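Report on the following structure.
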Amino acid sequence: MSVAGAPGAIGPEALAERLAAFPRAGLGTFPTPLERWDRLAGQLGLGDRLLAKREDLSGLAFGGNKVRQLDLLLGDALAQGADTIVHGGALQSNYCRMLAAACARLGLDCQLVLSRAYGQPDDQGNVLLDLLAGATVHTIDGPLGADHEAVKARLAERLRERGRRPYLITYPRSETLGTVAFVEAALETLAQCDDPAGPTGGRRPELLVTAAVGSAQAGYLLGSRALGWELRVRGIAPLGAEYPVAETIAAAAGAAAELLGLPRALVARADVDNSAAHVGGGYAVPTPEGLAAIRRVARAEGVFLDPVYTGKAMAALIADAEAGALAREHERVLFLHTGGNVALFAYAPQLLDDLRAADGALLRPL
Ligand SMILES: Cc1ncc(COP(=O)(O)O)c(C=O)c1O
Numbered sequence: 001m002s003v004a005g006a007p008g009a010i011g012p013e014a015l016a017e018r019l020a021a022f023p024r025a026g027l028g029t030f031p032t033p034l035e036r037w038d039r040l041a042g043q044l045g046l047g048d049r050l051l052a053k054r055e056d057l058s059g060l061a062f063g064g065n066k067v068r069q070l071d072l073l074l075g076d077a078l079a080q081g082a083d084t085i086v087h088g089g090a091l092q093s094n095y096c097r098m099l100a101a102a103c104a105r106l107g108l109d110c111q112l113v114l115s116r117a118y119g120q121p122d123d124q125g126n127v128l129l130d131l132l133a134g135a136t137v138h139t140i141d142g143p144l145g146a147d148h149e150a151v152k153a154r155l156a157e158r159l160r161e162r163g164r165r166p167y168l169i170t171y172p173r174s175e176t177l178g179t180v181a182f183v184e185a186a187l188e189t190l191a192q193c194d195d196p197a198g199p200t201g202g203r204r205p206e207l208l209v210t211a212a213v214g215s216a217q218a219g220y221l222l223g224s225r226a227l228g229w230e231l232r233v234r235g236i237a238p239l240g241a242e243y244p245v246a247e248t249i250a251a252a253a254g255a256a257a258e259l260l261g262l263p264r265a266l267v268a269r270a271d272v273d274n275s276a277a278h279v280g281g282g283y284a285v286p287t288p289e290g291l292a293a294i295r296r297v298a299r300a301e302g303v304f305l306d307p308v309y310t311g312k313a314m315a316a317l318i319a320d321a322e323a324g325a326l327a328r329e330h331e332r333v334l335f336l337h338t339g340g341n342v343a344l345f346a347y348a349p350q351l352l353d354d355l356r357a358a359d360g361a362l363l364r365p366l
């Protein structure tokens, strides 16, 4: 079947049926809320046309975009009979924090390899929660990349030799299933947007802005096209241009299309709009604009972003809105809040400097 006006689109019922075939671990609280952010929209001249999809409220371990992905990935791991999960990231990885909690909930052993290369504290924020949830935390001094992946693979091998059944979370399987999870997010979001009693009054957003290196952008791109929803997706990379983000996203969309029985051509490389212009000094290095965006959203909407991903994505949205270059006239803009706010506590010095510069004295003795 095809949906009128959109070659390759199959519509919501058929897509939901294909998604239902994947094994799940039963994690998270869905649908996540869709909200209107009218106060921030007013400041940016967007009227009532700014929406937020709250993946930060996905219901496990302070939430975030990985909960949806872990539901499928750990569903895959359980279906394969795994008893141990091996993964890793930076010391303040949001993914690993949600994974540690998910493993605790599912009775799986969690083995993490965390990199100290990004100047992040080791007694705060995400890593503190990893330890609280009972994960075994191994550290390396080198950065993320091929060497880190090799250390993860060797750890999995050692565990296998000791009679364990490890499931190694690694590229491209993690990216592909993560993208399938965000195809489902697109389906969920469209139902919320099409609801005449919902926050959009039944009108679909035309532009989505998100922090992105892979699955969320790939999934929304593929999902929207499969649904015949004309949505532009603007990804804001938290990494420098040396990492091939757009290629990764295009490849993930293609691989997920194949798993879902959709045409690979639904998402072309040219459809992937991902910008590294807001990274600043590099991955996990806060920018003044990102810190200001965190403060602005906290004060306009009572919502907390993070310095590594969502703050930089919101800084891009704000800069474009203020330059009149965000959306076309009358378009609705959807900001995907991917979570990460636990990392705020690991960046207290930088956040306090930003607050002092904005407000002067912070704590005022009476
Ligand atoms: C808060 C936050 N936002 C965005 C991302 C990027 O997600 P994705 O891999 O789906 O692009 C991550 C993790 O990498 C994250 O922790």
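Note that the UniProt record's numbering numbers the sequence shown so that position 91 is 91, with each residue one more than the last. Note that the Cβ used here is the ideal one computed from N, Cα and C, for glycine as well. This structure is a prediction, so every number in the text was calculated from the model and none was measured.
At least one heavy atom of ligand 1 sits closer than 7 Å to the Cβ of residue 94. The Cβ atoms of residue 88 and residue 114 sit closer than 8 Å to each other. Take the alpha-carbon of residue 348 and the one of residue 355: they are about 10 Å apart. An exposed status is given to residue 358, since fewer than 16 other beta-carbon atoms sit within 10 Å of its beta-carbon. As a beta-bridge residue in DSSP terms, residue 109 pairs with 84. Inclusion of residue 276 and residue 308 in the CB contact set at 8 Å is not warranted, their separation being larger than that value.
Secondary structure at residue 303: coil, using DSSP grouped into helix, strand and coil. Secondary structure note for residue 151: its alpha helix (DSSP H) is the uninterrupted segment 146–161. At least one heavy atom of ligand 1 lies less than 7 Å from the C-beta of residue 306. Look at residue 213: its beta carbon is less than 7 Å from one of the heavy atoms in ligand 1.
Between residue 112 and residue 135, the beta carbon gap of about 5 Å places them in contact (Cβ cut-off 8 Å). By the Cβ neighbour-count rule, residue 146 is exposed, with fewer than 16 other Cβ atoms within 10 Å of its own. Following the DSSP letters along the chain, one finds residue 361 in no alpha helix (DSSP H), marked with neither H nor E. For residue 210, the enclosing beta strand (DSSP E) begins and ends at 207–211. Taking the Cα of residue 332 as reference, the smallest distance to any Cα among 294, 319, 123 and 208 is reached at 208. A distance criterion of 7 Å places the beta-carbon of residue 79 beyond contact range of ligand 1, judged by its closest non-hydrogen atom.
Residue pairing for residue 66: DSSP places it in no beta bridge. Within a 10 Å sphere around the beta-carbon of residue 171 sit fewer than 16 other beta-carbons, which makes this residue exposed. Ranking 70, 83, 118 and 121 by CA distance to the CA of residue 96 puts 70 first. The straight-line gap separating the alpha-carbon atoms of residue 350 and residue 310 is approximately 16 Å. Cβ neighbours of residue 259 within its own chain (closer than 7 Å, five residues either side excluded): 176 and 180. In this structure, the CA atom of residue 263 is about 27 Å from the CA atom of residue 79. Contact check between the segment 25–43 and the segment 56–69: three or more CB pairs, one atom from each, fall below 8 Å, which counts as touching. Selection 187, 106 and 122 evaluated against residue 221 yields 187 as nearest (Cα-Cα). Burial check for residue 296: the Cβ neighbour count within 10 Å reaches 16 or more, so the residue is buried. As DSSP reads the structure, residue 337 sits in a beta bridge with 54.
When beta bridges are read from the DSSP output, residue 274 appears opposite 235.
Comparing alpha-carbon positions, the option among 125, 110 and 225 lying closest to residue 340 turns out to be 125. Annotation for residue 251: no residue places its beta carbon closer than 6 Å to its own, counting only its chain and skipping 5 residues before and after.
Taking 7 Å as the cut-off, the C-beta of residue 350 does not count as close to any heavy atom of ligand 1.
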